[in-house]
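Protein chains in written order, with my numbering: chain A, 1 to 114; chain B, 115 to 224. Just so it is clear, CB atoms sit at the ideal spot from N, CA and C, and this is done for glycine as well. Heads up: the structure comes next, in structure tokens.
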């Protein structure tokens, strides 16, 4: 079974631009969550989608948004990029997002904002 | 939300040595997971272990939920074990909204 696939692997953007990252979950997994990893803040939860609905949200500004499609694929968007948005963005999928449902992560998208 | 503390922050081992990594939680958890992040950034799920003990090859994990800690044992370490080990627990009871510890950075040398 194929793992979680994230595209692109690397991105370089300029301050003020916007960016869209894509995530395809493991087949059959309906929950997709996103995390941001930086050296200073570590791994932080962004949001989780289940059946095309945002079910949970972390403490990030409204510039960070996401969506999920009927095939469970998910995208996250960051608008008006800031230097501090430079990070590794990780997508994870699980069967249901509930207890007894381990998370499986993709390889991540490394975003650099200049 | 819960707080997660990991120790030690850094660990250097010679190949073949054993080690124990610890994770403490500020509150009880019912969905504790251990992950390994390799040098290329990939985060791999090692164990889902809300309580008890599990083993997978040279790795094993034990969670004592009532005392709010979990241990990850690595035996006969290999250079491929290098990377950062994270434990994580659910925040507000939602399994997918994990709070991660700051990790233990392990370097295994020849």
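Taken in chain order, the unbroken stretches of beta strand (DSSP E) that lie wholly in the region 129 to 189 of chain B and span 3 residues or more are 133 to 139, 147 to 151, 157 to 162, 166 to 170, 173 to 178 and 183 to 188. Among the residues of chain A, those whose CB is under 7 Å from the CB of residue 214/B are 42 and 43, following chain order. In this structure, the straight-line span from the alpha carbon of residue 90/A to that of residue 109/A is close to 7 Å. The beta-carbon separation of residue 5/A and residue 106/A, rounded to 6 Å, stays under the 8 Å limit for a contact. Residue environment analysis places residue 154/B among the exposed positions, since fewer than 16 neighbouring C-beta atoms fall within 10 angstroms of its C-beta.
When the five nearest sequence neighbours on each side are left out, the beta carbons in the same chain lying within less than 8 Å of the beta carbon of residue 26/A are those of 1, 2, 3, 4, 93 and 104, in order along the chain. In this structure residue 164/B is in contact with residue 145/B, their Cβ atoms being roughly 6 Å apart against a cut-off of 8 Å. Sequence-ordered contacts of the region 157 to 179 of chain B with chain A read 157, 159 and 162 [C-beta pairs closer than 7 Å].
No Cβ of chain A is located within less than 9 Å of the beta carbon of residue 197/B. For residue 102/A, the chain B residues whose Cβ falls inside 8 Å of its Cβ are 147, 159 and 162, in order along the chain. Shown in chain order are the members of the region 45 to 66 of chain A whose Cβ falls below 7 Å from a Cβ of chain B: 45, 48 and 56. Ranking 141/B, 160/B, 143/B and 123/B by CA distance to the CA of residue 174/B puts 160/B first.
In this structure, the straight-line span from the alpha carbon of residue 18/A to that of residue 81/A is close to 6 Å.
Cβ atoms of residue 113/A and residue 86/A come within 8 Å of each other, at about 5 Å.
With contacts defined by Cβ atoms closer than 9 Å, residue 43/A and residue 60/A do not form a contacting pair. From the beta-carbon of residue 155/B, the residues of chain A found nearer than 9 Å are 37, 88, 90, 107, 108 and 110.
Your pair residue 216/B and residue 151/B does not check out as a contact, with CB atoms roughly 12 Å apart and the cut at 8 Å.
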